[in-house]
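Colleague: Here it is, the structure in full.
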Amino acid sequence: DVKVTQSSRYLVKRTGEKVFLECVQDMDHENMFWYRQDPGLGLRLIYFSYDVKMKEKGDIPEGYSVSREKKERFSLILESASTNQTSMYLCASRLGGAAGANVLTFGAGSRLTVL
Amino acid sequence: SQQGEEDPQALSIQEGENATMNCSYKTSINNLQWYRQNSGRGLVHLILIRSNEREKHSGRLRVTLDTSKKSSSLLITASRAADTASYFCATDMKTSYDKVIFGPGTSLSVIP
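Sequence lines, in order, name chains A and B.
For what it's worth, this note's numbering labels the leading residue of the first sequence as 215, then goes sequentially.
For what it's worth, this note's numbering labels the leading residue of the second sequence as 540, then goes sequentially.
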């Protein structure tokens with residue numbers, strides 16, 4: 215089975231800190247995604263990457279950046295954390311390629327609290 | 540802006556009853572997927588229906604897709620307490636096939 219591992223299950227950070235959320239997948243997937251999940255809003259796409267060193271903004275990229283130096287790793291960076299970035303962050307990956315039946319495999323999530 | 544919108548936001552039923560959740564979306568899609576999330580966990584894929592398909596079954600799940608109305612429905616038959624979870628539809632957009640957008644989800648409670 216494809217495994218998507220998020221490095222931290224729970225994090226508590228202070229306003230203004232730089233935060234790194236790491237995500238690693240072990241099945242050579244091309245596409246990787248970062249979502250944040252908030253009550254009543256569902257999952258909102260922050261950034262996605264369709265290949266190594268390639269990235270695209272999602273619907274809510276403000277305040278975030280990403281890095282994909284290796285195929286298996288997709289990092290989400292909060293340059294200066296703010297309280298409104300307190301949320302559950304979900305990483306996902308999928309095989310990618312031609313448009314078709316590619317489903318997402320999700321990590322367990324990282325719950326970030328910014329004080 | 541969100542591509543998909545689920546309806547209802549919350550649903551409570553008795554064990555053994557059927558549960559129906561609806562999803563509407565805005566732009567053309569390659570496929571539509573349904574995912575399930577147990578409390579505080581990651582999402583798990585349930586079923587995918589392509590834009591040229593109208594209905595698909597998987598066990599107790601039945602998904603329909605009406606591209607003319609830009610809507611889909613997920614039916615869970617003979618529900619069980621273990622089906623209690625949040626259910627999300629996700630659209631694989633035709634304009635950007637790498638981009639997968641989720642709706643806000645339906646919270647299903649199945650009462651034993």
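Backbone N, C-alpha and C define an ideal beta-carbon position, used for all residues, glycine too.
All values reported here derive from a predicted model rather than from experimental measurement.
Taking only beta-carbon atoms, is residue 615 (chain B) less than 8 Å away from chain A?
Modeller: Output row for residue 615 (chain B): interface = no.
Colleague: Starting from residue 306 (chain A) and walking both ways along the beta strand (DSSP E), at which residues does that stretch end?
Modeller: Per DSSP, residue 306 (chain A) belongs to the beta strand (DSSP E) from 301–308.
Colleague: Kindly list, in the order they appear in chain B, the residues whose Cβ is closer than 9 Å to that of residue 320 (chain A).
Modeller: Simply 574, 576, 580, 581, 582, 583, 584.
Colleague: Pull up the DSSP beta-bridge partners for residue 218 (chain A), would you.
Modeller: In the DSSP output, where bridge partners are listed per residue, residue 218 (chain A) has A:239.
Colleague: Is residue 273 (chain A) helix, strand or coil when you go by DSSP?
Modeller: Coil, per DSSP.
Colleague: Per the DSSP calculation, residue 257 (chain A) is bridged to which residue(s)?
Modeller: Answer by DSSP bridge pairing, in chain order: A:251.
Colleague: How many whole angstroms separate the CB atoms of residue 220 (chain A) and residue 310 (chain A), which I take to be in contact at a CB cut-off of 8 Å?
Modeller: Not really, about 20 Å apart at Cβ, beyond 8 Å.
Colleague: Taking C-beta to C-beta, are residue 600 (chain B) and residue 587 (chain B) nearer than 8 Å?
Modeller: Taking 8 Å as the Cβ cut-off, residue 600 (chain B) and residue 587 (chain B) do not qualify as a contacting pair.
Colleague: So is residue 288 (chain A) in contact with chain B if we call contact Cβ pairs under 8 Å?
Modeller: Not an interface residue.
Colleague: Can you list, in chain order, the residues of the stretch 590–608 of chain B whose Cβ is nearer than 9 Å to any Cβ on chain A?
Modeller: Residues: none.
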